[in-house]
Amino acid sequence: MCRLFGLSASPERVRATFWLLEAPDSLAEQSRREPDGTGLGTFGPGGTPMVDKQPLAAYQDRRFAEEAKECESTTFVAHVRYASTGGLDQRNTHPFVQRGRIFAHNGVLGGLDVLDRELGDYRDLVQGDTDSERFFALVTQQTDRHGGDVTAGITGAAYWAAEHLPVYAINLILTTPDELWALRYPGTHDLFVLQRAAGGPHGDRHLDHASTAGRIRARSGALAEHPAVIVASERMDEDPGWQNLRSGELLHVGPGLTVTRRVILHDPPRHQLTLDDLGAHAKASQTGQ
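If you want it as structure tokens, here you go:
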């Protein structure tokens with residue numbers, strides 16, 4: 006399935022190095038389906054969103070994904086894509102940018118014709134073919150309707166999707182230069198959060214997180230001295246502080262790393278999709294097989 010990783014050290018700008026794809030380290034991993042794209046989203050010193058992403062359609066693209074990417078930002082989003090909708094194209098590769106915000110998603114939404122009608126003029130924000138970018142446009146629409154309140158925008162978009170669309174999963178990370186949001190809905194896929202003190206549990210360690218599936222590794226020496234909040238599709242080290250978000254729970258990390266967590270969706274989607282409801286390509290995207 007798609008891998009999500011988000012980090013906020015706001016208001017500190019910290020340097021970090023990411024490897025979005027590491028070579029498989031076992032025959033079992035080599036037998037798994039290869040990803041379809043990788044991407045990394047950060048913000049420049051003036052708050053300009055910066056996205057470095059690439060579909061993985063050829064060997065040279067894989068080389069791009071395996072190279073170390075060094076960057077500095079207050080917030081970070083990394084994504085490894087297993088395509089469910091949309092071809093292997095730059096415009097379909099996560100993360101996406103709208104209105105100065107960065108967004109990445111793991112899941113499947115159906116009823117895209119219904120969603121397109123709901124978007125109206127906001128459909129023009131969508132450059133590719135994915136359900137993810139369409140849902141991001143719905144978040145943007147709802148945020149605008151709530152006077153720029155991103156929490157209300159995510160809540161409104163998720164509630165509308167749960168009522169009107171077939172939903173397999175909506176796990177997302179959205180960032181601005183000084184804030185981060187993450188939603189897990191429903192409980193289809195894990196989404197973990199770690200509130201990491203400066204230096205980690207031992208008090209003197211840099212950050213060095215690695216996915217056990219060989220996807221996404223993040224390293225930051227600066228986090229030996231600064232706290233951070235991290236969100237990921239899986240626990241990425243042995244820190245006992247990792248907590249799985251509850252189904253329907255929205256996490257908000259504000260400036261200064263103030264954390265609020267609230268369940269915004271208490272009921273399952275009206276039309277809950279299962280793996281058996283998905284086509285072969287979408288099904289593979291959600292299992293990684």
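All the letters of the sequence shown, read from the start, carry residue numbers 6 to 294 under the numbering used here.
C-beta: ideal position from N, C-alpha, C; glycine also.
**Asked** Under 8 Å between the Cβ atoms of L170 and L114?
**Response** yes
**Message:** Please state whether the Cβ-Cβ distance between R20 and S252 is less than 8 Å.
**Reply:** no
**Asked** With contact counted as at least three CB pairs below 8 Å, one residue from each stretch, are the stretch 113-131 and the stretch 155-171 in contact?
**Response** yes
**Prompt:** Quick one: what's got a C-beta closer than 6 Å to E230's C-beta in the same chain, skipping five residues either side?
**Reply:** A203
**Asked** So what does Q277 bridge to, in DSSP terms?
**Response** V172
**Item:** Cross-strand partners of V155 (DSSP beta bridge)
**Value:** BP columns for V155 are empty, so no partner.
**Prompt:** A215 bridges to which residues according to DSSP?
**Reply:** R222
**Neighbour-count burial assignment, L280, 16 or more Cβ in a 10 Å radius** = exposed
**Prompt:** What's the gap between the Cα of P191 and the Cα of R267?
**Reply:** 14 Å
**Asked** Closest to F48 by CA distance: which of Y164, P182 and G11 is it?
**Response** P182
**Asked** Can L26 and R240 be called in contact, C-beta distance under 8 Å?
**Response** no
**Prompt:** Would DSSP call G112 helix, strand or coil?
**Reply:** strand
**Message:** What does DSSP give as the partner residue(s) for Q59 in the beta ladder?
**Reply:** T43
**Request:** Inspect the beta-carbon positions of E254 and R189 and report whether they are closer than 8 Å.
**Result:** yes
**CA-to-CA distance, L45 to D57, given in whole angstroms** = 5 Å
**Asked** DSSP on W24, reduced to helix/strand/coil?
**Response** strand
**Message:** What residue range does the beta strand (DSSP E) around R267 cover?
**Reply:** V264 to V268
**Item:** Straight-line gap, Y127 to P274 (C-alpha atoms, nearest Å)
**Value:** 24 Å
**Asked** For the putative contact between F140 and A167, defined by C-beta atoms under 8 Å, what is the C-beta separation to the nearest angstrom?
**Response** That belief does not hold up - the Cβ atoms of F140 and A167 are roughly 12 Å apart, past 8 Å.
**Item:** Same chain, Cβ closer than 6 Å to E77, neighbours up to 5 away in sequence not counted
**Value:** R18 and R20
**Message:** Cutting at 7 Å between CB atoms, please list the residues of its own chain near V85, excluding the five before and the five after it.
**Reply:** C7, R8, L25, L26, P40, T43, R220 and I221
**Item:** Own chain, CB closer than 7 Å to R210, minus 5 neighbours either side, in chain order
**Value:** G204 and A229
**Request:** Indicate the three-state DSSP secondary structure (helix, strand or coil) for Q146 in the structure shown.
**Result:** helix
**Request:** In angstroms with no decimal places, state the Cα-to-Cα distance between A233 and H194.
**Result:** 23 Å
**Item:** Contact set for H151: own chain, Cβ-Cβ below 8 Å, skip 5 residues either direction
**Value:** A157, G158 and G161
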